[in-house]
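K.L.:
Dropping the structure in here first, questions after.
Residue numbers (my numbering), protein chains in the order written: chain A, 3 to 232; chain B, -4 to 231.
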């Protein structure tokens, strides 16, 4: 990665979140990674599984270029960072790239969030502030078209505002789209209009997670304490 | 004899009028026809509508076109970036209109324009501000929003290689919006690093067939946005 990500203050590190997310990917999956924490997932694909990464700007089958590595300014990902192709890679134009997305050919999309709601709604492009320059990018197409949408985000903002809510208050990116949320506090599935906590970061307790979540939180009876991620 | 090779960038863009809608290829720096944009700045036309994925960086290329107040409106998916101060300032001062479009919708609106399809339904943006006051329709119990084709008067595109028929080959992810913009504009102008003889591009590897291209300019050493921005360049 080109720039180090700010580290979390509590619970899982950003790398641990990415490592946990990577475990959900089956062999043969076609995967789109959003900017930020999701980009780290590529480093943690479990051995023995072959996963092909897609980028909106027209490439399948690439890996990131380590900082200081040889760069090609015509070979970048959607975050405009340099990448390198892997054997079996392909290039295509933007309309084909989004046919892959809307056509349901992308199995998993991992992306960040400003807010995510218990009905699966996602807000990740604008706070709605009037002087802000709006920027959508490919997120609306991805959440409308990729088969499984997983959000990777810190559980609360740097100002301790909650991100897991009953309903989003910021402008939406998509509706009823998100099926799983992985935060530094744990793993949450969205089922029948509720967040269901499946896994909890080691060292945190359920009441602490609840007090940082602005919606009813259901707890999986076989809640797992997350280990072996660092 | 068909010969789409044009002598210079200035010659290639000289009939672009005030108020034209111009499709400009590129995703950030990759595929940006910076030399053609600079020729357009030299031309001194105004009230342009520009379609690009972004809204320019630094003080060169599309950002310079905006800075010199030639652009009335930008249609793009992602105007914000680390070096997009020129657009940000023009937008905050209400000196420029912005139509922000989901990236896949932008691509499909261009593809449709080139394919003779006036409008289409897409799932992207349903339930968001994008779909407000727009026609929606259910197909197989799922809601879609109607989006219209986005044709251009001119397209400015960067490719790697061309022949005099206008057949094009691109370089890696610099392809991005190029092929669909070539087809979507009435007049398509392409800058390439290399012009080769007809027959030298294997028909199996032609990405944009020459039917979608009107003019080709060879720019052997194209301007590189990141180098120009790093050196603090300001155009002109």
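Each residue gets a CB set at the ideal place from its N, CA and C atoms; glycine is no exception.
For residue 230 of chain A, does the count of other Cβ atoms within 10 angstroms reach 16, so buried, or fall short, so exposed?
P.N.:
Along the first chain, read from residue 1 onward, the residue named residue 230 of chain A stands at position 228. Looking at its Cβ environment, which holds fewer than 16 other Cβ atoms inside 10 Å, residue 230 of chain A is exposed.
K.L.:
Closer than 7 Å between beta carbons: that is the criterion. Which residues of the region 124 to 158 of chain A meet it against chain B?
P.N.:
Per Cβ criterion, the list reads 133, 135, 136, 137, 138, 139, 140, 142, 143, 146 and 147.
K.L.:
Report the partner residues of residue 34 of chain A according to the DSSP bridge assignment.
P.N.:
Position 32 of the first chain holds residue 34 of chain A. Its beta-bridge partners are A:56 and A:111.
K.L.:
Could you tell me whether any Cβ in chain A is nearer than 8 Å to the Cβ of residue 113 of chain B?
P.N.:
Here residue 113 of chain B refers to the residue found at position 118 of the second chain. So no, residue 113 of chain B is outside the interface.
K.L.:
What is the rounded straight-line gap between the Cα of residue 150 of chain A and the Cα of residue 35 of chain B?
P.N.:
Here residue 150 of chain A refers to the residue found at position 148 of the first chain. Here residue 35 of chain B refers to the residue found at position 40 of the second chain. So the alpha carbons of these two residues sit roughly 44 Å apart.
K.L.:
Does any C-beta atom of chain A lie closer than 8 Å to the C-beta of residue 188 of chain B?
P.N.:
Counted from its first residue, the second chain places residue 188 of chain B at position 193. So no, residue 188 of chain B is outside the interface.
K.L.:
At 7 Å on the CB atoms, spell out the chain A contacts of residue 117 of chain B, in chain order.
P.N.:
The sequence position of residue 117 of chain B within the second chain is 122, counting from 1. Near residue 117 of chain B (Cβ distances below 7 Å), the residues of chain A are 104.
K.L.:
Is the region 167 to 187 of chain B close to the region 88 to 102 of chain A, with three or more CB pairs under 8 Å?
P.N.:
Touching, per the Cβ criterion.
K.L.:
So, residue 49 of chain A versus residue 79 of chain A, is the Cβ gap smaller than 8 Å?
P.N.:
Translated into positions along the first chain, residue 49 of chain A becomes position 47. Translated into positions along the first chain, residue 79 of chain A becomes position 77. No.
K.L.:
Where does residue 205 of chain B fall in DSSP's three states?
P.N.:
Position 210 of the second chain holds residue 205 of chain B. Here residue 205 of chain B sits in helix by DSSP.
K.L.:
Keeping to the same chain, check which residues put their C-beta closer than 7 Å to that of residue 4 of chain A; ignore five residues upstream and five downstream.
P.N.:
The residue given as residue 4 of chain A occupies position 2 in the first chain. Note that residue 4 of chain A has pLDDT 40, beneath the 50 cutoff, so the model's placement of it is unreliable and no number is given.
K.L.:
Report the option in A:100, A:142 and A:43 whose CA atom is closest to the CA atom of residue 97 of chain B.
P.N.:
Counting from one through the second chain, the residue named residue 97 of chain B turns up at place 102. With distances taken between Cα atoms, residue 97 of chain B lies closest to A:142.
K.L.:
By Cβ distance below 6 Å, which residues in the same chain neighbour residue 214 of chain B in space, the five residues on each side in sequence not counted?
P.N.:
To locate residue 214 of chain B, count along the second chain from 1; it is residue 219. So the list reads 30 and 186, once near-sequence residues are dropped.
K.L.:
On the criterion of 16 or more Cβ atoms from any shown chain inside 10 Å, does residue 1 of chain B qualify as buried, or is it exposed?
P.N.:
Taking the second chain and counting its residues from 1, one reaches residue 1 of chain B at position 6. The residue in question, residue 1 of chain B, is buried, as its Cβ has 16 or more Cβ neighbours within 10 Å.
K.L.:
Pick helix, strand or coil for residue 137 of chain B, following the three-state DSSP scheme.
P.N.:
For the purposes of this step, residue 137 of chain B is taken as the residue at position 142 of the second chain. The answer is strand: DSSP assigns residue 137 of chain B an E or B state.
K.L.:
Kindly indicate if chain B contains any beta-carbon less than 8 Å away from that of residue 5 of chain A.
P.N.:
Counting from one through the first chain, the residue named residue 5 of chain A turns up at place 3. Caution applies to residue 5 of chain A, whose pLDDT of 45 falls short of 50 and renders its modelled position unreliable; the model cannot decide the point.
K.L.:
Any beta carbon of chain B sitting closer than 8 Å to that of residue 211 of chain A?
P.N.:
Counting from one through the first chain, the residue named residue 211 of chain A turns up at place 209. It does not: the Cβ of residue 211 of chain A has no partner Cβ on chain B nearer than 8 Å.
K.L.:
Excluding five sequence neighbours on each side, which residues of the same chain lie with their C-beta closer than 8 Å to the C-beta of residue 73 of chain A?
P.N.:
Mapped onto the first chain, residue 73 of chain A falls at position 71. Closer than 8 Å at Cβ, skipping near neighbours: 67 and 84.
K.L.:
Does the separation of the CB atoms of residue 55 of chain B and residue 149 of chain B fall below 8 Å?
P.N.:
Here residue 55 of chain B corresponds to residue number 60 of the second chain, with the count starting at 1. Here residue 149 of chain B corresponds to residue number 154 of the second chain, with the count starting at 1. Taking 8 Å as the Cβ cut-off, residue 55 of chain B and residue 149 of chain B do not qualify as a contacting pair.
K.L.:
Any beta carbon from chain B within less than 8 Å of residue 56 of chain A's own beta carbon?
P.N.:
What you label residue 56 of chain A is simply residue 54 of the first chain in a count that begins at 1. So, not an interface residue.
K.L.:
Do residue 51 of chain A and residue 1 of chain A come within 8 Å of each other at the CB atom, strictly closer than that value?
P.N.:
Because chain A in this structure spans residues 3 to 232, residue 1 of chain A falls outside the shown range and cannot be described.
K.L.:
Can you give me the C-alpha to C-alpha distance between residue 17 of chain A and residue 204 of chain A, rounded to a whole angstrom?
P.N.:
Along the first chain, one-based indexing puts residue 17 of chain A at 15. Along the first chain, one-based indexing puts residue 204 of chain A at 202. Taking the straight line joining both Cα atoms gives about 15 Å.
K.L.:
Within the same chain, show all residues whose beta-carbon is closer than 7 Å to that of residue 196 of chain A, passing over the 5 residues directly before and after it, in chain order.
P.N.:
The residue given as residue 196 of chain A occupies position 194 in the first chain. Answer for residue 196 of chain A: 120, 218 and 220, listed in chain order.
K.L.:
Counting contacts by CB-CB distance shorter than 8 Å, is residue 215 of chain A in contact with chain B?
P.N.:
Here the question's residue 215 of chain A lines up with position 213 in the first chain. No - not a single Cβ of chain B is within 8 Å of the one on residue 215 of chain A.
K.L.:
Would you say the beta carbon of residue 169 of chain A is closer than 7 Å to some non-hydrogen atom of the ligand GTP?
P.N.:
Looking for the ligand GTP in the displayed structure turns up nothing, as the structure carries no ligands at all.
K.L.:
Where residue 21 of chain B and residue 191 of chain B are concerned, what is the direct C-alpha to C-alpha distance, given to the nearest angstrom?
P.N.:
Numbered from 1 along the second chain, position 26 holds the residue referred to as residue 21 of chain B. Numbered from 1 along the second chain, position 196 holds the residue referred to as residue 191 of chain B. Near 23 Å, if we compare the C-alpha coordinates of residue 191 of chain B and residue 21 of chain B.
K.L.:
Going by DSSP in three states, residue 138 of chain A sits in which element: helix, strand or coil?
P.N.:
Taking the first residue of the first chain as position 1, residue 138 of chain A is located at position 136. Reduced to three states, the DSSP call for residue 138 of chain A is coil.
K.L.:
Does chain A have any CB closer than 8 Å to the CB of residue 89 of chain B?
P.N.:
Along the second chain, read from residue 1 onward, the residue named residue 89 of chain B stands at position 94. Chain A, which has no Cβ nearer than 8 Å to the Cβ of residue 89 of chain B, makes this no.
K.L.:
Go through its chain and collect everything with a Cβ distance to residue 24 of chain A's Cβ below 7 Å, but skip five positions before and after it.
P.N.:
Against the first chain, residue 24 of chain A aligns to sequence position 22. Around residue 24 of chain A: 43, 46, 47 and 48.
K.L.:
Taking all protein chains shown into account, do 16 or more other C-beta atoms lie within 10 angstroms of the C-beta of residue 2 of chain A, making it buried, or fewer, making it exposed?
P.N.:
No statement about residue 2 of chain A is possible, as the shown extent of chain A runs from 3 to 232 and does not include it.
K.L.:
Excluding sequence positions up to five away, which residues of its chain have a Cβ less than 7 Å from the Cβ of residue 193 of chain B?
P.N.:
The residue labelled residue 193 of chain B in the question sits at position 198 within the second chain. So the qualifying residues of the chain are 158, 159 and 160.
K.L.:
Determine which residues share a DSSP beta bridge with residue 203 of chain A and list them.
P.N.:
Position 201 of the first chain, counting from 1, holds the residue named residue 203 of chain A. DSSP lists A:228 as partners of residue 203 of chain A.
K.L.:
Within the same chain, show all residues whose beta-carbon is closer than 8 Å to that of residue 178 of chain A, passing over the 5 residues directly before and after it, in chain order.
P.N.:
On the first chain, position 176 is the one that residue 178 of chain A refers to. Excluding residues within five positions, the ones whose Cβ falls inside 8 Å are 121, 122 and 123.
K.L.:
On the three-state DSSP scale, how would you describe residue 5 of chain A?
P.N.:
Locating residue 5 of chain A in the first chain gives position 3, counting from the first residue. Here residue 5 of chain A scores only 45 on pLDDT, less than 50, and its place in the model is too uncertain to base an answer on.
K.L.:
8 Å is my cut-off, CB to CB: does residue 30 of chain A come that close to chain B?
P.N.:
Position 28 of the first chain, counting from 1, holds the residue named residue 30 of chain A. Residue 30 of chain A does not count as touching chain B.
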